[in-house]
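The numbers in our numbering rise by one with no breaks, and the one at position 40 of the sequence shown is 41.
Yeah, the Cβ is synthetic: ideal placement off N, Cα and C, and Gly gets one too.
As the structure is a computational prediction, the values presented were derived from the model and not from experiment.
Worksheet for the structure shown next.
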Amino acid sequence: MRLPAFNEEVARRYLEGAIPTSGLPEYLGIRVVLVEPGRLQARMPVDPKLITRIGNMHGGVLAALCDHVLGSVCYPHMEQGWWAATVEFKLNLLAPVSSGTVTAEASIIAMTRSTAVVRIEVTNDGRPCCAAQGTVLIRPPRLGG
Numbered sequence: 002m003r004l005p006a007f008n009e010e011v012a013r014r015y016l017e018g019a020i021p022t023s024g025l026p027e028y029l030g031i032r033v034v035l036v037e038p039g040r041l042q043a044r045m046p047v048d049p050k051l052i053t054r055i056g057n058m059h060g061g062v063l064a065a066l067c068d069h070v071l072g073s074v075c076y077p078h079m080e081q082g083w084w085a086a087t088v089e090f091k092l093n094l095l096a097p098v099s100s101g102t103v104t105a106e107a108s109i110i111a112m113t114r115s116t117a118v119v120r121i122e123v124t125n126d127g128r129p130c131c132a133a134q135g136t137v138l139i140r141p142p143r144l145g146g
């Protein structure tokens with residue numbers, strides 16, 4: 002599969018934390034740890050505050066992690082100022098998560114100038130716990146901001 006050009010500077014800025022996170026990804030402590038053409042890996046600590054009464058992390062937290070990396074993996078391949086908006090994704094929860102660290106690896110499986118399809122595999126300290134796939138719409142810069 003052929004991807005649009007890869008911007009090494011954007012990848013470097015992700016890894017150095019120079020691209021600030023905000024909102025839910027910041028609250029969850031999601032950190033990008035690897036960026037390569039068509040591939041991005043991010044880690045998130047399992048915070049005890051996110052554990053339900055039955056002892057597992059809420060599945061919505063894994064969904065938020067998947068949603069974040071779904072778009073993030075595309076940015077090094079997009080034109081400056083363009084943005085990715087998730088239009089759909091599906092996930093399978095494979096195993097409960099109750100402690101440690103979760104790692105999401107996103108891989109672009111198809112990308113055009115206007116859309117991308119991404120597959121995500123999530124592990125909890127090396128054990129598969131979630132699989133997802135989604136689509137983002139790639140949009141031009143917004144006028145005035």
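Candidates the options, of which the one nearest residue i by Cα
i    : options             : result
Y15  : R32, G24, V103, M2  : R32
C131 : E37, I121, V88      : I121
L94  : F7, Q81, R13, L66   : L66
A117 : A86, Q42, R44, V36  : A86
L35  : P97, G24, E17       : E17
P49  : H59, L41, I110, A43 : H59
Host beta strand (DSSP E) of residue i (start-end)
i    : result
P129 : 128-140
L41  : 40-46
Residues near residue i by beta carbon distance below 7 angstroms, same chain, minus five either side
i   : result
V62 : L29, L51
L71 : T87, F90, A107, V119, I121, G135, V137
Coil, strand or helix - residue i by DSSP
i    : result
V11  : helix
A65  : helix
E80  : coil
V98  : coil
V103 : strand
V34  : strand
S115 : coil
L92  : strand
Own chain residues within Cβ distance below 8 angstroms of residue i, not counting five before or after
i  : result
P5 : H78, M79, M112, R114
Residue(s) in a DSSP beta bridge with residue i
i   : result
A85 : I139
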